[in-house]
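Peer 1: Take a look at the following structure, please.
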Amino acid sequence: MMLRAEGVRMFYGDFCALDGVTLAINAGEFVSIIGPNGAGKSTLINVLTGALRPSVGTVRFKERDISGIGPARLARRGMARSFQLVQVFPDLTVVETLQAAVVSRLGRGTRVFALLERDSEVREGALEVAELFGLADKAHTPAKQLPQGDKKLLDVASAFALYPEIILLDEPTSGVSTRDKHAVMEILVSASKRLGIKSIIQVEHDMDIVFGYSGRIVALHQGKVLADGPPEEIKANEDVVNTVVGRKAGAFERGA
Amino acid sequence: MGLVATVMAVLPLLAPAYHVLLMLPFMAYAVILLGLNLLFGYSGLVSFGHALFIGIGAYTGAVLTTHLGVRSLELILLASAALGALVATPVAALCVRYVKIYFGMLTLAFGMVFYTFLLKFYRLTGGDEGMQVLRPTLLGQDLGGIPKTDYLVGPYYYYSLAVLVLAGLVMWRIVHSPFGLCLRTIRDNPTKAEALGISIVRYRWLAFVISAVYAAVGGALLGPPTGNVDPTLAYWTHSGNIVFMTLLGGFANFFGPVLGAFVFIFLQDTVMSVVPYWRLIFGAILAAVVIFAPAGLMGLVARRRPAEVAHT
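Chains as they are written, first to last, in this note's numbering: chain U, 82 to 337; chain F, 966 to 1277.
Structural data, given as structure tokens:
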């Protein structure tokens, strides 16, 4: 068991965003969290990544309580994330961004007098990830000059460069053109194998992607887990099809 | 850079003593600004209280030479650095929890506390009259016998230059270290930096302490040329001046602030000799820089040579 949320409830004033969510992620799993807008997906992500402390319940990562420990410590413990709204360092180049992640992973950030360019481990680590994500030819482009799709890739790639045990991707293909979505997913899957990332959790709206890549799907609705199972089971679940998949039912049939 | 260093090395042989004397505060400010820019340019935090650390360095020199009989400039600089770090440790821990205007205001507040301390603890600090700084020995050489100007344009000038070069080399390494890269990630996007496991508070704290050490060392160099220190060194307008110098030169470039200090010192001297209202003129210049050249003088130079600044 890598990550386990138990009986998590989250209130914003009177509003109950999560209403007793229990969820376990094991090593080797690719889990998609789906649900209509307002189902509590974002809140769940923030609870799972230790950014929010749940009102009730616990979140444990590798048997240790992580509720509210904050993103930096969580990243150092082995859980990384990418963002729905793309997050990059505008003035840093692709390779500098990846180097920062490698520096953080190796715990070398407090080397005040060491020359970064002489650190071959950091340099090679960054280049390896740049190549895996097809960003090597843009290594020296500042992030702000990248096209939107590459910014998204860089956001994800820098999280991968931490070599996390588990990675949480918040809509990894949002803002990526439909044509490129599968290419992005292929990169994510192969990179995670290459870098030894054990589990992937993603929040995704595109049912093609969800059913095409997940080993397991968790459907949220009104703060509760509506269904939790392999894609075939979710597809056969009428509640899920009606509330979550909705009119996109035809689309996922094709994708499946 | 080699060219600039060479010119500075031969300057006392060629330039009139008056201009060489003006180089002394320039070099002291250059050290201060190299440190301040680690905070300003590389961490994105604008301090309005760094005169506090300048004051600590300057008064360390005064107290050591007059009260404690310590005349060695090496010991004065080391003591200044240590005291700067000591005071900065708790001050930084409080300040770096805030950003933007709150950070600026908090640094300002600490600066005012120290200024008042200098003003009121008359017995130690001489109050508003300040204190004398006796002529320090350099590398164990007692140079008390030579005229003051000869001392300043000769040995003291080269000593300051050596300190500046050393401080510059060390800072160059700092900004090109893994630590420097982490600071830039925090400046650009704190949310993303944290997601990469980079602890914002810890890194900002360290940058603050390093910048305080630089300010204290530079402050200690400011005392001997005038032979006197007073509380205005720690006053908030002095903090404002060094922020001005940084903006003038350009905070996005490693050498920008140093250029800013140079232009500030010589421009101030020129303007003061023509009109008494130098602050009026400087206010107008500051407004013009912010509006027309937000990247400072270095930004104007770099527009023609874009490759140079790319990786600051």
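Yeah, the Cβ is synthetic: ideal placement off N, Cα and C, and Gly gets one too.
Predicted model only: the values in this text are computed from it and were never measured.
1. Mind checking Tyr994 (chain F): buried by the 16 CB within 10 Å criterion, or exposed?
2. Report yes or no: do three or more beta-carbon pairs, one from the segment 211-223 of chain U and one from the segment 183-196 of chain U, lie closer than 8 Å?
3. State yes or no: is the C-beta of Val1118 (chain F) within less than 8 Å of the C-beta of Gly1192 (chain F)?
4. Using a beta-carbon distance below 8 Å, is Glu1159 (chain F) in contact with chain U?
5. Going by DSSP in three states, Tyr244 (chain U) sits in which element: helix, strand or coil?
6. Does chain F have any CB closer than 8 Å to the CB of Asp228 (chain U)?
7. Does the beta-carbon of Pro1271 (chain F) have 16 or more other beta-carbons within 10 angstroms, so that it is buried, or is it exposed?
8. Taking CB distances under 8 Å as the criterion, tell me whether Ala339 (chain U) reaches chain F.
9. Look at the Cβ atom of Ser201 (chain U), then the Cβ atom of Ile1163 (chain F), and state whether they are nearer than 8 Å.
10. I'd like to know if Val325 (chain U) contacts chain F, where contact means its C-beta is closer than 8 Å to some C-beta of that chain.
11. Am I right that Glu285 (chain U) and Ser113 (chain U) are in contact with their C-beta atoms under 8 Å? What's the rounded C-beta distance?
12. Per DSSP, which residues does Ser113 (chain U) bridge with? Please list them.
13. Between Asn1008 (chain F) and chain U, is any beta-carbon pair separated by less than 8 Å?
14. How many Å lie between Pro1259 (chain F) and Phe1216 (chain F) at the Cα?
15. Could you tell me which of F:Val985, F:Leu1213, F:Gly1049, F:Asp1234 sits nearest to Ala1253 (chain F), measuring between CA atoms?
16. From F:Gly1109, F:Gly1092, F:Ser1125, F:Pro981, pick the residue whose C-alpha is nearest to that of Tyr1024 (chain F); which is it?
17. Between the alpha carbons of Leu104 (chain U) and Gly138 (chain U), how many angstroms are there, rounded?
18. Kindly indicate which residue of F:Gly1014, F:Leu1129, F:Ile1175 has the alpha-carbon position closest to the one of Gly1076 (chain F).
19. Evaluate the contact criterion for the segment 1128-1135 of chain F versus the segment 119-139 of chain U: three or more CB pairs, one atom per stretch, below 8 Å.
20. Can a CB atom of chain F be found closer than 8 Å to the CB of Gln165 (chain U)?
21. From this set, F:Phe1219, F:Ala1226, F:Arg1100, which residue's C-alpha is nearest Val1208 (chain F)'s C-alpha?
22. Just the Cα atoms here: how many angstroms apart are Leu1033 (chain F) and Gly967 (chain F)?
23. Using alpha carbons as the reference points, say which of U:Gln303, U:Asp289, U:Gly310 lies closest to Arg297 (chain U).
24. Would you say Arg85 (chain U) lies against chain F (beta-carbon separation less than 8 Å)?
25. Helix, strand or coil for Asp172 (chain U) per DSSP?
26. Which residues in chain F sit within 9 Å of Gly206 (chain U), going by Cβ to Cβ distance?
27. Is Asp236 (chain U) closer than 8 Å to Phe170 (chain U) when the C-beta atoms are compared?
28. Pull up the distance between the alpha-carbon of Tyr983 (chain F) and that of Glu205 (chain U), whole angstroms please.
29. When you compare the segment 236-246 of chain U with the segment 275-283 of chain U, are there three or more beta-carbon pairs, one atom per stretch, that lie closer than 8 Å?
30. Short check: CB of Gly1022 (chain F) to CB of Gly1049 (chain F), under 8 Å?
31. Does the ligand ADP have a heavy atom nearer than 7 Å to the CB of Cys97 (chain U)?
32. Is it buried or exposed for Ala120 (chain U), if we count other Cβ within 10 angstroms and need 16 for buried?
33. Name the two residues that bound the continuous beta strand (DSSP E) containing Arg134 (chain U).
34. Counting along the chain, where does the alpha helix (DSSP H) carrying Met83 (chain U) start and finish?
35. What are the boundary residues of the alpha helix (DSSP H) that Gln156 (chain U) is part of?
36. Using CA atoms only, rank isn't needed, just tell me which of F:Gly1105, F:Tyr1179, F:Leu1104, F:Arg1100 is closest to Pro1112 (chain F).
Peer 2: By the coordinates alone:
1. With 16 or more other CB atoms across the displayed protein chains lying within 10 angstroms of its CB, Tyr994 (chain F) is buried.
2. No, the segment 211-223 of chain U is not in contact with the segment 183-196 of chain U.
3. It is not a contact, given that the beta carbons lie outside the stated cut-off.
4. By this cut-off, Glu1159 (chain F) is an interface position.
5. If DSSP states are grouped into helix, strand and coil, Tyr244 (chain U) belongs with coil.
6. Here residue 228 (chain U) turns out to be Pro, not Asp, going by the sequence shown. Chain F contact via Cβ: absent.
7. Bear in mind that the predicted position of Pro1271 (chain F) carries a pLDDT of just 49, short of 50, making it unreliable; the figure below should be weighed with that in mind. Burial call: exposed.
8. Here chain U covers residues 82 to 337 and nothing more, so residue 339 (chain U) does not appear.
9. No; because the gap between Cβ atoms is not below 8 Å, this pair is not in contact.
10. So no, Val325 (chain U) is outside the interface.
11. Contact between Glu285 (chain U) and Ser113 (chain U) holds, with the beta-carbon distance rounding to 5 Å and staying under 8 Å.
12. Ser113 (chain U) pairs with U:Gln283, U:Ile298.
13. Position check: residue 1008 (chain F) holds Ser in this sequence, whereas Asn was assumed. When Cβ-Cβ separations below 8 Å define contact, Ser1008 (chain F) makes no contact with chain U.
14. Spanning the two alpha carbons is a distance of roughly 9 Å.
15. Ranking F:Val985, F:Leu1213, F:Gly1049, F:Asp1234 by Cα distance to Ala1253 (chain F) puts F:Leu1213 first.
16. Out of F:Gly1109, F:Gly1092, F:Ser1125, F:Pro981, F:Gly1092 has the C-alpha closest to the C-alpha of Tyr1024 (chain F).
17. The straight-line gap separating the alpha-carbon atoms of Leu104 (chain U) and Gly138 (chain U) is approximately 11 Å.
18. Per the C-alpha coordinates, the member of F:Gly1014, F:Leu1129, F:Ile1175 positioned closest to Gly1076 (chain F) is F:Gly1014.
19. The segment 1128-1135 of chain F is not in contact with the segment 119-139 of chain U.
20. No, its Cβ sits nowhere closer than 8 Å to a Cβ of chain F.
21. Between Val1208 (chain F) and the set F:Phe1219, F:Ala1226, F:Arg1100, the nearest pair of CA atoms involves F:Ala1226.
22. Roughly 39 Å between the two C-alpha positions.
23. Of U:Gln303, U:Asp289, U:Gly310, the residue nearest in Cα terms is U:Gly310.
24. Chain F places no beta carbon closer than 8 Å to that of Arg85 (chain U), leaving this residue out of the contacts.
25. Asp172 (chain U): coil per DSSP, three-state reduction.
26. Neighbours of Gly206 (chain U) on chain F: none; closest Cβ ~12 Å, over 9 Å.
27. Between Phe170 (chain U) and Asp236 (chain U), the CB-CB gap reaches or exceeds 8 Å.
28. Their backbone Cα atoms lie some 53 Å apart in a straight line.
29. The segment 236-246 of chain U, when compared against the segment 275-283 of chain U, does touch it at the 8 Å Cβ threshold.
30. In this structure, Gly1049 (chain F) lies closer than 8 Å to Gly1022 (chain F) by Cβ.
31. Judged by which ligands are present, the structure shown has none, so any question about the ligand ADP falls away.
32. Ala120 (chain U) comes out buried.
33. Where Arg134 (chain U) is concerned, there is no enclosing beta strand (DSSP E), given that its DSSP letter is neither H nor E.
34. Met83 (chain U) -> no alpha helix (DSSP H), and no H or E assigned at all.
35. It should be noted that the sequence gives Ala, not Gln, for residue 156 (chain U). Counting along the chain, Ala156 (chain U) sits inside the alpha helix (DSSP H) bounded by residues 152-158.
36. Answer by Cα proximity: F:Arg1100.
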